[in-house]
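Reviewing the structure listed below.
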Amino acid sequence: MTGPPRSTGAPVFAAAQGGGNGKSSLDLVEEDYAAGALDKENANRYRAYAVLAPEKLPQKYKSAAIGKDATESMVRQALEWDGLSKSTKQEILELRANGFANMKNTFETEHFVLHYSTVSTSDAVPAVDVSGIRGVPDYIEVAARSWEDIWQRQVVQLGYPAPKGVTAQNKFHVYYNKIPYYGYCMPTNVELEGVSPVPVGTASAFIVVNNDFYGFPPNDEDRTGAEVIRSGALKATQAHEFMHALQFAINVYGSGWLMESHATWAEDAVYDGINDWH
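Sequential numbering of the sequence shown, starting at 340, is according to the working numbering.
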């Protein structure tokens, strides 16, 4: 392949499926966009609303269904970035900035920087802190150990190239945010003005993970669905989203269906006993 494809304006990714028989807000937005009922500007505004500000969505796109992975829609938004108006871009960037504004705390591992909140906002991670490092929520400690396990399995053992931009000085950044999805992986340099589309194999990324997974379905580790620390959903989601970051480092323009299937496989490749519902 000599270069990345240009966006056609119509989504090529399969929409993430919502919980149960319901459709998530992103499902509804993607369906209308594919059918021509939404133009590119509104589709991308609503994609951002669905993840970062669901209350701003028009009523027809509001849904109580829990969405799985928002990555596909976020990638499509990044690939369509050059074709959006200045006002739409500004609104999306402001929504992202507001979504991360509460994350004043960081915790670093060998390869990762975790950004999180402990203040009394909807973005705060569970406050329980009974093990490990005092002053660091157990949720973040579980997440941090999980990230290094994932790195060891996916990068060291399976041999995938490390995400772009991750060196001894520059680590991979992860944000824990209250979103109506398990998480998503967002390509970053794809949206830089004047360089889109980026060459194949050069896309960097960051990851957003749900800050508590409260109200999400149980799995074989979170058996009741009422655990204070939903470690099963947390670890499976991180394994899933990190595989997307590895995919982006190879080819961010790949088949959405294949990328999702591959990332779902990665959950079992790292955590075979969790059996979450990705």
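Just so you know, even glycine gets a beta-carbon here, dropped at the ideal spot from N, CA and C. Every value quoted in this text rests on a predicted model; they were computed, and no experiment measured them.
Once you ignore the five residues that flank residue i on each side, which residues in its own chain have a CB closer than 7 Å to its CB?
i    : result
K362 : S402, A404
D611 : none
V494 : A501
In the DSSP output, which residue or residues are listed as bridge partners for residue i?
i    : result
F451 : F511
H516 : Rather than His, the amino acid found at residue 516 in this sequence is Asn. N549, per the DSSP bridge assignment.
G522 : D408, V548
How would you write the range of the alpha helix (DSSP H) that residue i sits in, first residue to last?
i    : result
G571 : 570–590
Y372 : 364–373
R386 : 379–391
A466 : That residue, A466, is in no alpha helix (DSSP H); it is neither H nor E in DSSP.
N437 : 425–439
I489 : 477–490
According to DSSP, is residue i helix, strand or coil?
i    : result
K407 : strand
N528 : helix
N614 : coil
Y400 : helix
G593 : coil
T460 : coil
F446 : strand
N558 : coil
N360 : Only weak support exists for where N360 lies, its pLDDT of 48 falling under 50; the value from the coordinates is given anyway. Here N360 sits in coil by DSSP.
R415 : helix
E566 : coil
K395 : helix
G504 : coil
D607 : helix
V494 : helix
G422 : helix
A376 : coil
Locate the beta strand (DSSP E) running through residue i, then write down its first and last residues.
i    : result
F641 : Missing from the structure shown is residue 641; the chain here goes from 340 to 617 and no further.
Once you ignore the five residues that flank residue i on each side, which residues in its own chain have a CB closer than 8 Å to its CB?
i    : result
E380 : L423, S424, T427
A430 : The question names Ala, but residue 430 in the sequence shown is Glu. Cβ neighbours of E430 beyond the five flanking positions: R384, A387.
V548 : A482, V513, Y514, Y515, N516, Y521, G522, L573, T576, Q577, E580
S439 : A small correction: the amino acid at residue 439 is Phe; Ser does not occupy that position in the sequence shown. Excluding sequence neighbours, F439 sits near H454, Y514, N516.
T563 : P557
V452 : T445, F446, K510, F511, H512, V513
E487 : T448, E449, H450, F451
L377 : V368, D371, Y385
V458 : N441, K443
So, for residue i: in the same chain, excluding its five sequence neighbours on each side, which residues have a beta-carbon less than 6 Å away from its beta-carbon?
i    : result
S461 : K517
V609 : I489, R492, A578
Y478 : V464, P465, I568
F303 : Nothing about residue 303 can be reported from this structure: the residues present for the chain run from 340 to 617 only.
S485 : K574, Q577
S412 : L365, R386
I613 : N558, D559, E560, G571, A575
H583 : T410, C524, A602
K392 : According to the sequence provided, residue 392 is Ala. The question's Lys does not apply to it. Result list for A392: L434, in chain order.
E480 : G471
Smallest Cα separation from residue i: which of the options?
i    : options                : result
G540 : N549, D551, N528       : N528
V475 : A544, W486, E447, P526 : E447
N590 : R484, Q398, Y499, I546 : Y499
A588 : Y553, G504, L597       : G504
L432 : P519, D468, N614, V390 : V390
M525 : P519, G375, N509, S543 : S543
E370 : E480, Y400, D615       : Y400
P502 : S594, Q586, N441, G593 : Q586
R435 : Q496, I546, R473, T457 : I546
S594 : S456, V494, R415       : R415
P538 : V495, Y592, P519       : Y592
S456 : W604, S600, D615, D551 : D551
F555 : D408, G375, Q398       : D408
With respect to 6 Å, is the separation between the Cβ of residue i and the closest non-hydrogen atom of the ligand ATP below this value?
i    : result
I431 : Although the ligand ATP was asked about, the structure shown includes no ligands whatsoever.
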